[in-house]
Amino acid sequence: MKKLIYILLIVTSLLLAGCKEQAKEQPTIRFAAAASLEKMFEQKLLPLYKQQNPKLNLQGTYAGSGKLQIQIEQGMQADVFISASTKQLQALQAKGLVQTSKPLLKNELVLIVPAKDKSTIRTFNDFAQAKQPAIGDYKTVPAGQYAKEALEKLGLWQTVAHRVSLGSNVVEVLHWVAQGSADAGLVYATDAASNSQVKVVAAVPKTLLTDSIIYPLIVLKSNNQSPHVQSFVEFLQSKEAQAIYQEYGFSH
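Each residue of the sequence shown is one higher than the one before, starting from 4 at the first, in this note's numbering.
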């Protein structure tokens, strides 16, 4: 019996040592990204990077950019943040949380309706006629902030403000329109292109937006000194990654 226990202890020690060694061999990169990037990251970008770096763990968190900004400010562990707006970059810079940053992607805002419906909404100005309009929550979602700004400049915001549904991120707005629970929504062009259940009616005129829709690549100040963080950042700017961005409708 004692001999069996001794053997079990040895086996357990070897297994634990193996786990520790494996953990040492698999450094982790923690990143946060706007919800509008999740499909592209999970389908193409991350599998490609993992193929090139099989011993590396990638831990991603996707949500509205404003929500992610708040979580980072409150101590969420992240090495890299890809936001859907420069507003979050500026807020994090003001708090001394940014190591480096640079523009990574560009997008545009579009008006969508359910693909199967015979909608009378045909121009951006028609958004105010929607019975159940939807945008991202302008308090935390960049797409919602862009939408509200454009509607305000056209003098349409007060017309829709009392009935507009606010999504926790732009993907939620896309789903509402696709399912028919909203009859019009303002989302990114890349999101609209990814769902055949919606159709694009019009692009939001760029003249209605103060800033271009730019996704900055932000390297945060963190305790992770792994050279893999820089490797991941360089990959996101590589020609391979740029080809994937174009495939999903982003420009750079």
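Yeah, the Cβ is synthetic: ideal placement off N, Cα and C, and Gly gets one too.
What you are looking at is a predicted structure, and each value in this text was computed from that prediction instead of being measured.
Counting along the chain, Phe84 sits inside no alpha helix (DSSP H); it lies in the beta strand (DSSP E) bounded by residues Val83 to Ile85.
Taking C-alpha positions only, Thr64 is separated from Thr89 by approximately 19 Å. If you draw a straight line from the Cα of Ile221 to the Cα of Leu114, it comes to about 29 Å. About 6 Å separates the beta carbon of Val173 from that of Val144, a gap short enough to meet the 8 Å contact definition. Runs of the alpha helix (DSSP H) spanning 4 or more residues and lying entirely within the segment 181-254 occur at 192-196, 230-239 and 242-250, in chain order. Residue burial is scored here from C-beta neighbours: Ala35 has at least 16 other C-beta atoms within 10 angstroms and is therefore classed as buried. Comparing alpha-carbon positions, the option among Gln240, Tyr248 and Phe235 lying closest to Gln55 turns out to be Phe235. In the three-state reduction of the DSSP assignment, Gln29 falls in the coil class. Shortest Cα-Cα distance from Ala118 to any of Pro208, Ala196 and Pro106 involves Ala196. With distances taken between CA atoms, Pro30 lies nearest to Asp82 out of Ser241, Leu48 and Asp82. Per DSSP, Ser68 is one residue of the alpha helix (DSSP H) stretching across Ser68 to Glu76.
In the three-state reduction of the DSSP assignment, Ala38 falls in the helix class, which pools H, G and I. In this structure, Ile216 places its C-beta atom within 8 Å of the C-beta atom of Asn110.
Shown here, Ala146 sits in a helix according to DSSP, grouped into three states. DSSP places Leu100 in no beta strand (DSSP E); its state is neither H nor E.
Boundaries of the beta strand (DSSP E) around Val113: Leu112 to Pro117. In this structure, Leu100 is the residue among Leu100, Asn60 and Leu49 with its C-alpha nearest to the C-alpha of Gln74. In terms of Cα proximity to Gly183, the closest of Leu154, Lys134, Leu212 and Thr213 is Lys134. Thr210 counts as exposed, since fewer than 16 other C-beta atoms from the protein chains shown sit within 10 angstroms of its C-beta. Here Ser168 is bridged, per DSSP, to Ala137. The beta carbon of Gln80 lies closer than 6 Å to those of Arg33 in the same chain, with the five residues before and after it left out. Contact between Ser104 and Asp140 fails: their C-beta atoms lie close to 24 Å from each other, not under 8 Å. A residue is called buried once 16 or more other Cβ atoms fall within 10 Å of its Cβ, and Gly158, having fewer, is exposed. In the three-state DSSP reduction, Asn56 falls in the coil class, being neither helix nor strand.
Note that the C-beta distance between Thr193 and Ser39 is below 8 Å.
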